[in-house]
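**Student:** Pasting a structure here, questions to come.
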Amino acid sequence: MTKQDRAVRTRLALIRSAAEQFEARGYVRASLAEISAGAGVSSGALHFHFANKAAVAEAVEHAAARALREIAVRGRGGDGCALQRLVDVSHHVARLLCADTVVRAGLRLNAEAVTGRARDLRGEWRECVQELLAEAESRGELAAGMPPHRSSAVVLAATTGIEVLAREDPCWLARPSLTDLWHLLLPCVAAPHLAGALDPAGTEPDSGREPDEGDGALEESGRAGLALR
Numbered sequence: 075m076t077k078q079d080r081a082v083r084t085r086l087a088l089i090r091s092a093a094e095q096f097e098a099r100g101y102v103r104a105s106l107a108e109i110s111a112g113a114g115v116s117s118g119a120l121h122f123h124f125a126n127k128a129a130v131a132e133a134v135e136h137a138a139a140r141a142l143r144e145i146a147v148r149g150r151g152g153d154g155c156a157l158q159r160l161v162d163v164s165h166h167v168a169r170l171l172c173a174d175t176v177v178r179a180g181l182r183l184n185a186e187a188v189t190g191r192a193r194d195l196r197g198e199w200r201e202c203v204q205e206l207l208a209e210a211e212s213r214g215e216l217a218a219g220m221p222p223h224r225s226s227a228v229v230l231a232a233t234t235g236i237e238v239l240a241r242e243d244p245c246w247l248a249r250p251s252l253t254d255l256w257h258l259l260l261p262c263v264a265a266p267h268l269a270g271a272l273d274p275a276g277t278e279p280d281s282g283r284e285p286d287e288g289d290g291a292l293e294e295s296g297r298a299g300l301a302l303r
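If you read the sequence shown in this note's numbering, its first letter stands for residue 75, the second for the next number, and so on.
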């Protein structure tokens, strides 16, 4: 293993350890000593990569943003029914939140404006929803009286609410919970001719994990962060 590879692994371990501490203890109570211990490295190694706790939190947010962006881009760039792709990508996001501490911690840090940055981690999801619903309208998939701006407001309020509720009870992110949500939303949003054609449970098997998005985005963040040094 090269020196650069070791440095990337150390940085990734620190980001994951920080995410675990931020999620379990909150930003204020989490300490750099606990973060370095959780990563299995010295405090000196932590300070080689990050100047302070705010810098570590920013790295967690950045990794979370990459993971969420990859899922949103995949949803917007797919083929077939736009409404079904919206349902599918919502299930992908839910599985990612269940599986990846970094994404969960990044969203919480961002919502609490811990790092003071202007980045909006929910922005990619909002744009994804709006673009897919605009596409759905152009395809004649939306119900009468439910233009994209109205339907997107409903979908965003419901899905964001589930993410917030899941901070206290992860069951809100379970596939049955999200499926129940779409069972209620789709009859209001979808055109009548799509009744019975859309699957509120999503069209892809639930593997219980999103390995590519979370891990791949975290590794990219590690390498990008090291390159900026």
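For each residue, glycine too, the CB sits at the ideal point set by N, CA and C. Owing to the predicted nature of the structure, the values given are computational and were not obtained by experimental measurement.
Could you give the uninterrupted runs of the alpha helix (DSSP H) lying entirely in the segment 137 to 206, keeping only those of 4 residues or more?
**Tutor:** Correct list: 156 to 173, 175 to 185.
**Student:** At what residues does the alpha helix (DSSP H) containing Thr84 begin and finish?
**Tutor:** Looking at the DSSP string, the run of the alpha helix (DSSP H) that includes Thr84 is 77 to 103.
**Student:** Rounded to the nearest angstrom, how far is the Cβ of Ser226 from that of Leu216, given a contact under 8 Å?
**Tutor:** Between Leu216 and Ser226 the Cβ distance is about 10 Å, and since that is not below 8 Å, they are no contact.
**Student:** Which residues in the same chain have their Cβ closer than 7 Å to the Cβ of Pro285, if we skip the five residues on either side of it in sequence?
**Tutor:** Because the pLDDT of Pro285 is 45, which lies under 50, any placement of that residue in the model is unreliable, and the number read from its coordinates should be weighed accordingly. Within the same chain, Pro285 has no close Cβ partners at all.
**Student:** Tell me the residue span of the alpha helix (DSSP H) that contains Trp246.
**Tutor:** Segment: none, Trp246 is in no alpha helix (DSSP H) and carries neither H nor E.
**Student:** Do the CB positions of Thr305 and Ala113 come within less than 9 Å of each other?
**Tutor:** Because the chain spans 75 through 303 in this model, residue 305 falls outside it and cannot be assessed.
**Student:** My understanding is that Thr179 touches Ala93, with C-beta atoms under 8 Å, so please give their C-beta distance in whole angstroms.
**Tutor:** Reading the sequence as shown, one finds Ala at residue 179 and not Thr. At roughly 4 Å, the Cβ-Cβ gap stays under 8 Å, so Ala179 and Ala93 are in contact.
**Student:** So Leu206 and Arg148 are supposed to be a Cβ contact under 8 Å. How far apart are they, rounded?
**Tutor:** Rounded, the Cβ-Cβ distance is 12 Å, inconsistent with contact.
**Student:** Within 10 angstroms of the Cβ of Leu258, are there 16 or more other Cβ atoms? Answer buried if so, exposed if not.
**Tutor:** Answer is exposed; the Cβ neighbour count stays below 16.
**Student:** Please state whether DSSP places Ala227 in a helix, a strand or coil.
**Tutor:** Helix at Ala227.
**Student:** In this structure, what does DSSP give as the bridge partners for Ala264?
**Tutor:** According to DSSP, which records beta bridges pairwise, Ala264 is partnered with Leu216.
**Student:** Quick check on this structure: which residue in Val102, Ala248, Asp254 has the alpha carbon closest to the alpha carbon of His166?
**Tutor:** Here the closest residue by C-alpha is Ala248.
**Student:** Taking the C-alpha atoms as reference points, what is the distance between Ser110 and Asn184?
**Tutor:** Their Cα atoms are separated by approximately 22 Å.
**Student:** Work out the CA separation of Ala131 and Cys202 for me, nearest whole Å.
**Tutor:** Computed Cα separation, rounded: 25 Å.
**Student:** With distances taken Cα to Cα, identify the nearest neighbour of Leu272 among Arg103, Ala156, Asn126.
**Tutor:** Nearest C-alpha to Leu272: Ala156.
**Student:** Between Ala266 and Met220, what straight-line distance do the alpha-carbon atoms span, to the nearest angstrom?
**Tutor:** In the sequence on display, residue 266 carries Pro and not Ala. So the alpha carbons of these two residues sit roughly 12 Å apart.
**Student:** Straight-line CA distance for Arg140 to Leu170?
**Tutor:** For Arg140 and Leu170, the distance between alpha carbons rounds to 12 Å.
**Student:** Tell me the DSSP secondary structure of Thr277 in three-state form.
**Tutor:** Thr277 falls in the coil class under three-state DSSP.
**Student:** Here's the rule I'm using: 16 or more other beta-carbon atoms within 10 Å means buried, otherwise exposed. How should Gly276 be labelled?
**Tutor:** By the 10 Å Cβ count, Gly276 comes out buried.
**Student:** Using the C-alpha atoms, what's the distance from Ser164 back to Gly214?
**Tutor:** Straight-line Cα distance between these residues: approximately 21 Å.
**Student:** Enumerate in chain order the residues of its own chain whose CB-to-CB distance from Arg143 is below 7 Å, with the five nearest sequence positions on each side excluded.
**Tutor:** Same-chain partners within the cutoff: Glu198.
**Student:** Taking its Cβ as the centre, do 16 or more other Cβ atoms sit within 10 Å of Ala146, making it buried, or is it exposed?
**Tutor:** Buried, since its Cβ has 16 or more Cβ neighbours within 10 Å.
**Student:** In angstroms, rounded to a whole number, what distance separates the CA positions of Pro261 and Thr234?
**Tutor:** So the alpha carbons of these two residues sit roughly 20 Å apart.
**Student:** Taking all protein chains shown into account, decide if Arg99 is buried (16 or more other Cβ within 10 angstroms of its Cβ) or exposed.
**Tutor:** The residue in question, Arg99, is exposed, as its Cβ has fewer than 16 Cβ neighbours within 10 Å.
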